[in-house]
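Trainee: Numbering (UniProt numbering), first residue to last: 1 to 501. Idealized CB from N, CA, C, for every residue including glycine. Pasting a structure here, questions to come.
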């Protein structure tokens with residue numbers, strides 16, 4: 001779809017209008033200048049008198065149909081920056097309204113495109129707004145539906161029950177340890193994940209760097225008396241490496257990290273069932289780690305083959321029972337809505353199989369076409385369900401989790417996610433992943449260690465976020481891990497010195 005925008009000359013409108021258009025059309029172009037080949041023309045009229053008023057007429061050049069909307073905002077006494085924000089919201093609101101009317105598609109997240117909706121609600125409530133005021137802000141500023149506001153509030157209430165001191169953890173950190181290897185790479189994946197077969201030389205070099213980072217950062221945290229809240233081993237698939245290599249990592253974790261026995265949670269992603277062995281489970285048990293993820297994604301064999309997961313449905317079930325029998329007491333499983341060739345019938349089968357296992361937590365993802373993934377590069381090869389069916393599957397997941405006493409406790413959204421929906425983590429009460437809450441709500445610094453690991457350093461005074469990413473490929477990581485480690489330690493020292501002063 002190609003749309004010409006008239007009446008707006010400021011380039012700052014380009015991105016929000018393009019993002020809103022993308023919610024309705026897979027391939028779209030929006031231009032704030034002459035666009036003769038455009039199928040639609042959106043003509044804005046902005047009037048600033050006692051109030052700011054934005055009017056829009058959207059015309060379909062092919063059918064001749066027109067759609068109109070208007071919005072008013074009180075901008076009296078506002079500074080230039082805040083006044084422009086109100087103007088941008090008014091422009092976004094009328095544009096969304098006309099596209100909804102024209103297409104018949106209702107965007108339940110309004111024109112909110114950020115990945116952390118609950119963070120906005122947390123902020124409003126922390127700053128003293130009542131729930132009613134905060135909810136009204138979400139309606140007015142983003143046009144979010146009642147259904148999604150209710151979900152956000154439910155999740156926030158749950159998070160504050162699980163982590164009552166959530167807003168007071170900036171004097172601690174969480175740790176993410178990235179191990180970038182998998183048996184094979186899934187078609188939808190863009191994480192740092194390299195097929196491990198035939199790469200033992202790369203694995204050995206990478207592990208040497210990982211041990212160095214772990215030792216140096218752990219020692220620095222001890223010296224500065226900085227406690228650790230949670231530790232999360234992700235990737236890739238951390239259980240792709242050998243049991244002996246895992247054992248050595250956890251040994252160093254206990255040796256160099258401060259007070260690991262009092263860390264609230266240690267999680268190891270064992271997402272690919274084909275990497276789980278009795279020997280590896282024994283290692284986890286040895287180091288008192290009992291929270292893992294085993295991710296079926298789907299219980300349809302044809303789907304697993306299509307997306308490049310070289311394990312069977314039977315293996316997922318078998319490894320789940322093996323893990324349970326060997327002391328894994330908090331197991332998460334991931335499911336993906338909208339995988340190629342799947343609709344409500346297939347997803348119901350996946351839910352029925354999940355019911356036989358009942359893991360402590362369940363993360364329900366909606367498929368996202370990530371730019372660099374195999375699936376996005378070859379879209380014609382992977383046929384997925386339409387928007388209405390994807391939404392039905394999400395409703396099925398919500399209903400099923402509620403009926404089985406799972407509570408939603410975190411959510412996030414992604415670009416190019418099917419149906420403009422969301423990913424939601426559910427758990428039995430008391431079995432939530434604290435790390436998932438910390439990474440989504442950005443209430444403390446998270447230090448990334450390993451290949452492709454991203455750090456987020458939170459300023460203890462202002463809350464400003466500084467990002468720092470390790471290289472994604474093992475060779476670049478191996479060439480420079482000492483320099484990256486040193487730089488991160490300097491950032492940590494500066495941040496925590498500021499907190500003490």
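How about residue 143 and residue 104: are their beta carbons less than 9 Å apart?
Mentor: Walking along the chain shown from the start, residue 143 turns up at place 143. Walking along the chain shown from the start, residue 104 turns up at place 104. No, the Cβ-Cβ distance between residue 143 and residue 104 is not below 9 Å.
Trainee: What would DSSP say about residue 43, mapped onto helix, strand or coil?
Mentor: Within the chain shown, the letter at position 43 stands for residue 43. Residue 43 falls in the strand class under three-state DSSP.
Trainee: What is the C-beta distance between residue 283 and residue 226, in whole angstroms, given that I count them as a contact (C-beta under 8 Å)?
Mentor: On the chain shown, residue 283 is found 283 positions in, with the first residue counted as 1. On the chain shown, residue 226 is found 226 positions in, with the first residue counted as 1. Wrong, their Cβ atoms sit about 27 Å apart, outside the cutoff.
Trainee: Using beta-carbon positions only, say whether residue 94 and residue 70 come within less than 9 Å of one another.
Mentor: Residue 94 sits at position 94 when you count from the first residue of the chain shown. Residue 70 sits at position 70 when you count from the first residue of the chain shown. For residue 94 and residue 70, yes; Cβs fall inside 9 Å.
Trainee: Give a yes or no on whether the C-beta atoms belonging to residue 462 and residue 426 are separated by under 9 Å.
Mentor: The residue you call residue 462 lines up with position 462 of the chain shown. The residue you call residue 426 lines up with position 426 of the chain shown. Going by C-beta atoms, residue 462 is not nearer than 9 Å to residue 426.
Trainee: Determine the direct distance from the alpha carbon of residue 409 to that of residue 422, and round the result to whole angstroms.
Mentor: Counted from its first residue, the chain shown places residue 422 at position 422. Counted from its first residue, the chain shown places residue 409 at position 409. If you take the alpha carbons of residue 422 and residue 409, they lie about 13 Å apart.
Trainee: Just mark residue 372 as buried or exposed, buried being the case when its beta carbon has 16 or more other beta carbons within 10 Å.
Mentor: Translated into the one-based positions of the chain shown, residue 372 becomes position 372. Below a pLDDT of 50, predicted positions are generally treated as unreliable, and residue 372, at 49, falls in that range; the measurement from the model is reported next regardless. Residue 372 comes out exposed.
Trainee: Short check: CB of residue 51 to CB of residue 73, under 9 Å?
Mentor: As a working mapping, residue 51 is identified with position 51 in the chain shown. As a working mapping, residue 73 is identified with position 73 in the chain shown. In this structure, residue 73 lies closer than 9 Å to residue 51 by Cβ.
Trainee: Can you round the beta-carbon distance between residue 392 and residue 344 to whole angstroms, since I take them to be within the 8 Å contact cut?
Mentor: Translated into positions along the chain shown, residue 392 becomes position 392. Translated into positions along the chain shown, residue 344 becomes position 344. Confirmed, Cβ separation roughly 5 Å.
Trainee: Can you give the Cα-Cα distance for residue 273 and residue 262, rounded to whole angstroms?
Mentor: Taking the chain shown and counting its residues from 1, one reaches residue 273 at position 273. Taking the chain shown and counting its residues from 1, one reaches residue 262 at position 262. Between residue 273 and residue 262, the C-alpha separation is close to 29 Å.
Trainee: Residue 121 and residue 152: beta carbons closer than 9 Å?
Mentor: In the chain shown, counting from the first residue as 1, residue 121 sits at position 121. In the chain shown, counting from the first residue as 1, residue 152 sits at position 152. Closer than 9 Å, so yes.
Trainee: Would residue 83 count as contacting chain D if we go by Cβ distances under 9 Å?
Mentor: Included in the structure is just one protein chain, with no chain D present.
Trainee: Just to confirm the assignment, what range does the beta strand (DSSP E) spanning residue 333 have?
Mentor: Counting from 1 along the chain shown, the entry for residue 333 is found at position 333. Run containing residue 333: 330 to 337, per the beta strand (DSSP E) assignment.
Trainee: Could you give the distance in angstroms between the alpha-carbon of residue 217 and the alpha-carbon of residue 245?
Mentor: Stepping through the chain shown from its first residue, residue 217 is reached at position 217. Stepping through the chain shown from its first residue, residue 245 is reached at position 245. Straight-line Cα distance between these residues: approximately 19 Å.
Trainee: To the nearest angstrom, how far is it from the Cα of residue 468 to the Cα of residue 454?
Mentor: The count along the chain shown starts at 1 and reaches residue 468 at position 468. The count along the chain shown starts at 1 and reaches residue 454 at position 454. When rounded, the distance between both Cα atoms is 6 Å.
Trainee: If the criterion is Cβ atoms closer than 9 Å, does the pair residue 230 and residue 266 meet it?
Mentor: Your numbering for residue 230 matches position 230 in the chain shown. Your numbering for residue 266 matches position 266 in the chain shown. Yes, these two residues count as a Cβ contact at 9 Å.
Trainee: Using beta-carbon positions only, say whether residue 149 and residue 135 come within less than 9 Å of one another.
Mentor: Locating residue 149 in the chain shown gives position 149, where the first residue counts as 1. Locating residue 135 in the chain shown gives position 135, where the first residue counts as 1. Their beta carbons are under 9 Å apart, which means residue 149 touches residue 135 by this criterion.
Trainee: Using the C-alpha atoms, what's the distance from residue 39 back to residue 504?
Mentor: The chain is shown only over 1 to 501; residue 504 falls outside these bounds and no answer can be derived.
Trainee: From this set, 489, 300, 339, which residue's C-alpha is nearest residue 212's C-alpha?
Mentor: As a first step, residue 212 is located in the chain shown; it is residue number 212 there, counting from the start. That would be 489, whose Cα lies nearest to the Cα of residue 212.
Trainee: DSSP three-state label for residue 258, please.
Mentor: By one-based count along the chain shown, residue 258 stands at place 258. In this structure, residue 258 counts as coil in the three-state DSSP scheme.
Trainee: Could you tell me how far apart the beta carbons of residue 413 and residue 117 are, in whole angstroms, since I believe they sit closer than 8 Å?
Mentor: Along the chain shown, one-based indexing puts residue 413 at 413. Along the chain shown, one-based indexing puts residue 117 at 117. That pair is a contact at about 7 Å.
Trainee: For a test of the three-state rule: what should DSSP assign to residue 59, helix, strand or coil?
Mentor: The residue labelled residue 59 in the question sits at position 59 within the chain shown. Reduced to three states, the DSSP call for residue 59 is strand.
Trainee: Excluding the 5 residues preceding and the 5 following residue 387 in the sequence, name in chain order all residues of the same chain whose CB lies nearer than 6 Å to its CB.
Mentor: Here residue 387 refers to the residue found at position 387 when the chain shown is read from its first residue. Contacts found: 419.
Trainee: Beta-carbon within less than 7 Å of residue 209's beta-carbon, same chain only, minus the 5 sequence neighbours each way: which residues are those?
Mentor: Position 209 of the chain shown, counted from the start, is the residue given in the question as residue 209. Hits under 7 Å: 477, 478, 481.
Trainee: Checking 9 Å against the spacing of the C-beta atoms, do residue 307 and residue 366 come in under that value?
Mentor: Here the question's residue 307 lines up with position 307 in the chain shown. Here the question's residue 366 lines up with position 366 in the chain shown. Cβ distance not < 9 Å, so residue 307 and residue 366 don't count as in contact.
Trainee: Give the C-beta separation of residue 299 and residue 350 to the nearest angstrom, bearing in mind that I take them to be a contact with Cβ-Cβ under 8 Å.
Mentor: Stepping through the chain shown from its first residue, residue 299 is reached at position 299. Stepping through the chain shown from its first residue, residue 350 is reached at position 350. At roughly 5 Å, the Cβ-Cβ gap stays under 8 Å, so residue 299 and residue 350 are in contact.
Trainee: Express the C-alpha separation of residue 399 and residue 429 in angstroms, rounding to a whole number.
Mentor: The residue given as residue 429 occupies position 429 in the chain shown. The residue given as residue 399 occupies position 399 in the chain shown. Residue 429 and residue 399: Cα-Cα distance of roughly 17 Å.
Trainee: Tell me which residue opens and which closes the beta strand (DSSP E) that residue 66 is part of.
Mentor: The residue labelled residue 66 in the question sits at position 66 within the chain shown. Run containing residue 66: 66 to 73, per the beta strand (DSSP E) assignment.
Trainee: Could you tell me which of 498, 6, 36, 119 sits nearest to residue 439, measuring between CA atoms?
Mentor: The residue labelled residue 439 in the question sits at position 439 within the chain shown. Measuring from the Cα of residue 439, the nearest candidate turns out to be 119.
Trainee: Between 176, 241, 232, which has its C-alpha nearest residue 206's C-alpha?
Mentor: Within the chain shown, numbered from 1, the residue matching residue 206 stands at position 206. Considering only alpha carbons, the answer is 241.
Trainee: Within the continuous alpha helix (DSSP H) that includes residue 272, where are the two ends?
Mentor: Position 272 of the chain shown, counted from the first residue, corresponds to residue 272. That residue, residue 272, is in no alpha helix (DSSP H); it is neither H nor E in DSSP.
Trainee: Do the CB positions of residue 394 and residue 337 come within less than 9 Å of each other?
Mentor: Numbered from its first residue, the chain shown carries residue 394 at position 394. Numbered from its first residue, the chain shown carries residue 337 at position 337. It is a contact, given that the beta carbons lie within the stated cut-off.
Trainee: With a threshold of 7 Å on Cβ separation, who are the neighbours of residue 502 within its own chain once the five nearest residues in sequence on each side are excluded?
Mentor: As displayed, the chain neither begins before 1 nor continues past 501, which places residue 502 out of reach and without an answer.
Trainee: Which parts of the region 391 to 477 are runs of the beta strand (DSSP E), unbroken and 3 residues or longer, counting only runs that do not cross its ends?
Mentor: DSSP runs (the beta strand (DSSP E)) wholly in the region 391 to 477: 407 to 412, 423 to 427, 445 to 450, 454 to 458, 465 to 469.
Trainee: Looking at residue 43 and residue 57, is the spacing between their C-beta atoms short of 9 Å?
Mentor: Locating residue 57 in the chain shown gives position 57, counting from the first residue. Locating residue 43 in the chain shown gives position 43, counting from the first residue. Yes; because the gap between Cβ atoms is below 9 Å, this pair is in contact.
Trainee: Below 8 Å on the Cβ atoms is my guess for residue 431 versus residue 360; work out the distance and round it to an integer in Å.
Mentor: Along the chain shown, read from residue 1 onward, the residue named residue 431 stands at position 431. Along the chain shown, read from residue 1 onward, the residue named residue 360 stands at position 360. Indeed they touch by this definition, with Cβ atoms about 4 Å apart.
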